[in-house]
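For reference, the structure is listed below as structure tokens.
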Amino acid sequence: MSTVKLNSIKKTYPNGAIAVRGVDMVIENSEFIVFVGPSGCGKSTMLRMIAGLETITDGEIEIDSKVINNISPADRDVAMVFQNYALYPHMTVRGNMAYGLKNRGIPKAEIDKKVIDAAKMLRIEDYLDRQPNQLSGGQRQRVAMGRAIVREPKVFLFDEPLSNLDAKLRVQMRIEIKRLQRRMGVTSIYVTHDQTEAMTLADRLAVINDGRIEQMGAPIELYNNPATLFVASFIGAPQINLIPVQFKNNKLISGDIELSGFKDLPENTELVLGIRPDVITPNKNGQLEIKVDLVEQHGADNLIYGALSGAAKADIDDTEICFKTAQGTLPDIDSVLKLHFDQKTAMIFNKESGERLI
Amino acid sequence: MNNINWRIISNHIILLIGVVFMSLPVWVAFSTSTHSAETILREGLQFWPGTDFLKTYKEVMFEEAGVMKSVLGITMLKNSMILGIGFAVGKVIISMLAAYAIVYFRFRLATPLFWIIFLTLLLPLEVRIIPSYEIVAGLGLLDTNFGLIVPLIASATGTFYFRQFFKSVPEELLEAARLDGATPWRFFIDILIPLSKTMIAAILIIMFVVGWNQYLWPLIMTTKEENYTLVIGIKQIYQILSEGGELPQYQKAFALTIMATLPPVLVVLFFQNWFVKGLVESEK
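Right under this line is the structure:
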């Protein structure tokens, strides 16, 4: 039950590499925050700074209004789940979970009770006397979480905890983490590069790029209203369709394609038109035309991929458009399709700065 | 099928030749040690065991003046044991602590210090034997186990092995332990030492054998016969046995040699599983 506050924190490594360039953030009590971004964007560094595993070059981190910059990791009352679990290989599951409590001088009877409670919650009570190498990946992940839970910390930190699991287990554990966090109501910060994980887990999502927060907000808000080209392209699977365009005579022009109905855009500037795959439908009078080259059947729906046609410029010739159709609607490969999209849902970005214009 | 069989057979022949080549001298030494001095003097080395096994070994190990002027074989065995075990345990402790400091504590000059330690490999005991002797003698530690063992236990090899091993321990374990509130000392005791078990065993075995075979340092360190180790004993026995115009007691020399070979062999036999494990794998 805690709040976490980051006051323009910065991190510069001794070799001069800048990992975090001034981040401000207020995390409310019981909130589930996800840091998402490409690898090397500084998200893990931020998490590790909160944990106390990295020093803070500049700025302050507060937990419950107390500055913790110079407090040792053990005394910050945070617990962390690592990507590779980091279980102590020579200790049993019980030993692993109890170790943190033992170091804090908690009486043995109380430790036992806490360990068993946490084990029950995670359904690992049958494995308490096994060693980590006798467990499957999913079970190890649970033990790692159990080790965090028994401590009843103020803040949970998750550093890509699901990346070592197979796809099915990942979905399962994702749901479980979310349920657990709801039930325990512990403020949590979760780092991932997987946008699906980020979307599904987060109360609020921070998209991080190059050591800065690009945008922060509710996942659906970021999906519908990305502030920058980076956020738009990072959030959403399948990825948003991006078409390079220019604005001339009140029309968006891309090669031979001309779209009217847009106004107040800068002329002579490289722009990018972004259309989410799910707002595109096949329609004889549609504005776009593609030549289908790949159909992915996902069961309930299909993803159709094709190259945008009618574009004269080289960089547009390669532009691929993806859209969704319901089950049963399967265009032939190499067929030419007209596509319609609602221009109100279209987003336009400045290509250079990435800034959203419409 | 035939081809493979031939290959296996030829491989085994080569291995057998190797085994015979390595162990035949030991066997001859053993056989010879079970004959009487007269037989050896008359007929030379013996290939088949004789009848004096019990007599010779009893004299060598348990009877005063059986082998040296006064010291018993068993006393020398004990001294060798103390040296071997103390040497090995001391080396493991010192080099683990040194490696722990070098790998886990970020202090200035950690890397240069490591290389300085490593460079001491180029300075074997023989190079520093006079200053070492001076210091130990000055402290009045001649003829003590402490003076015998301590000057030998700094180990560049051990430090190097442990350093490499600690470096391969995942960083996250340390971080998890830090978040779990483990102090550096607790981390060392609770996590690093148990993880290094097989490594420790391997180094203990190697170092025991090295310690057991120490010759020069114990030789100059010990002035009294009762502090002799077996290895010194072997050297001395030839002088002593041929003194006084009696028959040279070669069988006793051989018996003592066999006794000196036995403990390292047993240690390696018993612990070879651990030994191999420690060198090739590690549970992490």
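Just so you know, the protein sequences line up as chains A and B, in that order.
When the letters of the first sequence are read in order and numbered with this note's numbering, they come out as residues 213 to 570.
When the letters of the second sequence are read in order and numbered with this note's numbering, they come out as residues 335 to 618.
Ideal Cβ placement from N, Cα and C applies to all residues, glycine included.
Remember, it's a predicted structure, so these values are computed and weren't measured experimentally.
Under DSSP, HIS552 of chain A takes part in a beta bridge, and its partners are A:THR493. In the DSSP secondary-structure assignment, ARG233 of chain A is bridged to A:LYS222. Counting of Cβ neighbours within 10 angstroms places PHE396 of chain B among the exposed residues, the total staying below 16.
Not flagged as an interface residue toward chain B: LEU374 of chain A, since no C-beta distance is shorter than 8 Å. Contact of ASN296 of chain A with chain B is assigned, a C-beta pair being separated by under 8 Å. Around ARG316 of chain A, the beta-carbon contacts reaching into chain B at under 9 Å are ASP514 and GLY515. ALA444 of chain A is positioned such that its CB atom lies closer than 8 Å to that of PHE561 of chain A. Of all residues in the stretch 518 to 536 of chain B, only ARG520, ASP524, ILE525, PRO528, LEU529 and LYS531 come within less than 9 Å of chain A when Cβ atoms are compared, listed by chain position. The alpha-carbon of ALA516 of chain B is positioned some 7 Å away from that of GLY312 of chain A. Here the stretch 521 to 535 of chain B makes no contact with the stretch 462 to 475 of chain B; the two share fewer than three CB pairs at distances below 8 Å. DSSP places MET292 of chain A in the strand class (E or B) of the three-state scheme. Its chain contains PRO552 and LEU553 as the residues whose beta carbon lies nearer than 6 Å to that of ILE566 of chain B, once the 5 sequence neighbours on both sides are disregarded; these appear in chain order. When 8 Å is used as the limit between beta carbons, ALA435 of chain B is near no residue of chain A, the shortest such separation being about 19 Å.
For a Cβ distance threshold of 8 Å, residue set ASN296 and ALA298 of chain A lies close to PRO504 of chain B, ordered along the chain. Just so you know, the alpha carbons of ILE525 of chain B and GLU567 of chain A end up roughly 50 Å apart. With fewer than 16 other Cβ atoms inside 10 Å of its own Cβ, PHE480 of chain B counts as exposed.
Inclusion of GLU532 of chain A and ALA519 of chain A in the CB contact set at 8 Å is warranted, their separation being smaller than that value. Secondary structure of ALA589 of chain B (DSSP, three-state): helix. Taking 8 Å as the cut-off, the beta carbon of GLU501 of chain A is found no closer than this to the beta carbon of VAL457 of chain A. Of all residues in the stretch 435 to 450 of chain B, none has a C-beta nearer than 9 Å to a C-beta of chain A. Between GLY429 of chain A and CYS253 of chain A a beta carbon distance of about 18 Å is seen, past the 8 Å cut, so the two are scored as non-contacting. Taking a beta-carbon distance threshold of 8 Å, TYR311 of chain A counts as an interface residue toward chain B.
Secondary structure remark: continuous alpha helix (DSSP H) runs of at least 4 residues inside the stretch 365 to 444 of chain B, in chain order: 371 to 377, 387 to 396 and 407 to 438. In this structure, GLN555 of chain A sits near GLY473 of chain A, with a CB-CB distance shorter than 8 Å.
Proximity of the stretch 507 to 522 of chain B to the stretch 282 to 292 of chain A meets the contact definition, three or more beta-carbon pairs being nearer than 8 Å. Taking 8 Å as the cut-off, the Cβ atoms of ALA589 of chain B and TYR572 of chain B do not count as close. Per DSSP, the unbroken beta strand (DSSP E) holding GLY271 of chain A starts and ends at 270 to 275.
Taking C-beta atoms as the reference points, SER489 of chain B and LYS425 of chain B count as a pair closer than 8 Å. The stretch 348 to 361 of chain A makes contact with the stretch 292 to 303 of chain A, as at least three CB pairs between them are under 8 Å. Around the beta carbon of LEU349 of chain B, a 10 Å sphere encloses fewer than 16 other beta carbons of the protein chains shown; the residue is thus reported as exposed. For MET292 of chain A, the chain B residues whose C-beta falls within less than 8 Å of its own C-beta are GLU509, ALA510 and LEU513, listed in chain order.
With a cutoff of 8 Å on beta-carbon distance, THR493 of chain B and ALA433 of chain B are scored as near each other. Taking C-beta separations shorter than 8 Å and ignoring five residues to either side along the sequence, the partners of PHE448 of chain B in its chain run ILE436, THR493 and ARG497, following chain order. Distance from the CA atom of LEU411 of chain B to the CA atom of VAL544 of chain B, rounded to whole angstroms, is 15 Å. Between the stretch 268 to 280 of chain A and the stretch 320 to 330 of chain A, the count of Cβ pairs shorter than 8 Å is below three; the stretches do not touch. Taking the Cβ atoms as the reference, PHE244 of chain A lies roughly 14 Å from LEU259 of chain A, outside the contact range of under 8 Å.
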